[in-house]
Amino acid sequence: MQPSQEKSVIFLLIEQYVIVVVVVAVVVVVVVVVVVVVVVVVVVVVVVVVVVVEVVVVVVVALVVVVVVVVVVMMVVVVVVEVVVVVVVVVVVVVVVVVVVVVVVVVVVVVVVVVVVVVVVMVVVVALLVKVILLQLLL
Numbered sequence: 034m035q036p037s038q039e040k041s042v043i044f045l046l047i048e049q050y051v052i053v054v055v056v057v058a059v060v061v062v063v064v065v066v067v068v069v070v071v072v073v074v075v076v077v078v079v080v081v082v083v084v085v086v087e088v089v090v091v092v093v094v095a096l097v098v099v100v101v102v103v104v105v106v107m108m109v110v111v112v113v114v115e116v117v118v119v120v121v122v123v124v125v126v127v128v129v130v131v132v133v134v135v136v137v138v139v140v141v142v143v144v145v146v147v148v149v150v151v152v153v154v155m156v157v158v159v160a161l162l163v164k165v166i167l168l169q170l171l172l
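In this text, residue positions in the sequence shown follow our numbering: the first is 34, and each later residue adds one.
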């Protein structure tokens with residue numbers, strides 16, 4: 034093999050190395066983004082299901098209490114007001130919990146995506162630096 038042929042083969046190998054590194058970096062980003070999206074969807078679905086179940090239970094309990102109070106005919110107005118206050122407090126607490134969970138999930142997703150993008154950019158930069166160094170050594 035002549036020296037010019039050796040250099041062209043080495044140039045080809047360096048180009049293939051850079052392409053492989055960039056493709057692997059892109060695949061890693063896609064996989065991480067898909068995993069993060071799946072986790073976020075699962076967390077949101079679980080939170081929504083828990084909130085719906087909790088609200089249904091609270092409303093059913095409130096209705097049972099109201100029916101019992103009406104049947105017993107004791108301080109109907111006071112008990113109904115207390116039940117409404119309890120229902121409102123529970124709903125407010127549930128909404129606050131949902132908002133906090135969603136904010137935490139969004140922050141975690143943003144941090145993970147930023148870290149993955151930074152790592153991928155660093156890998157691509159290192160690959161390009163290695164390419165430049167190898168090309169300089171060959172020339």
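The beta-carbon is built from N, C-alpha and C at its ideal position, and this holds for glycine as well. Owing to the predicted nature of the structure, the values given are computational and were not obtained by experimental measurement.
ask   = Can we say the region 115 to 122 touches the region 56 to 72, given the rule of at least three CB pairs closer than 8 Å?
value = With the cut-off at 8 Å, the region 115 to 122 and the region 56 to 72 do not touch.
task = Could you name each continuous beta strand (DSSP E) segment of 3 residues or more that falls completely within the region 51 to 88, going from the start of the chain to the end?
result = Listed in chain order, nothing qualifies, since the region 51 to 88 has no complete beta strand (DSSP E) run of 3 or more residues.
task = Rank Val151, Val94, Val150 by C-alpha distance to the C-alpha of Val123 and give the top, closest one.
result = Answer by Cα proximity: Val94.
task = Check whether the Cβ atoms of Val76 and Val138 lie closer than 8 Å to each other.
result = For the pair Val76 and Val138, the CB atoms are nearer than the 8 Å cut-off.
query = For Val97 versus Val127, is the C-beta spacing smaller than 8 Å?
reply = Not in contact: Val97 and Val127 (Cβ atoms no closer than 8 Å).
query = For Leu172, which three-state DSSP category applies?
reply = Correct three-state label for Leu172: coil.
query = Are the CB atoms of Leu170 and Ile47 nearer to each other than 8 Å?
reply = Contact: no.
message = Considering Cα atoms alone, identify which of Val61, Val51, Val90 is closest to Val165.
response = The residue with the shortest Cα to Cα distance from Val165 is Val51.
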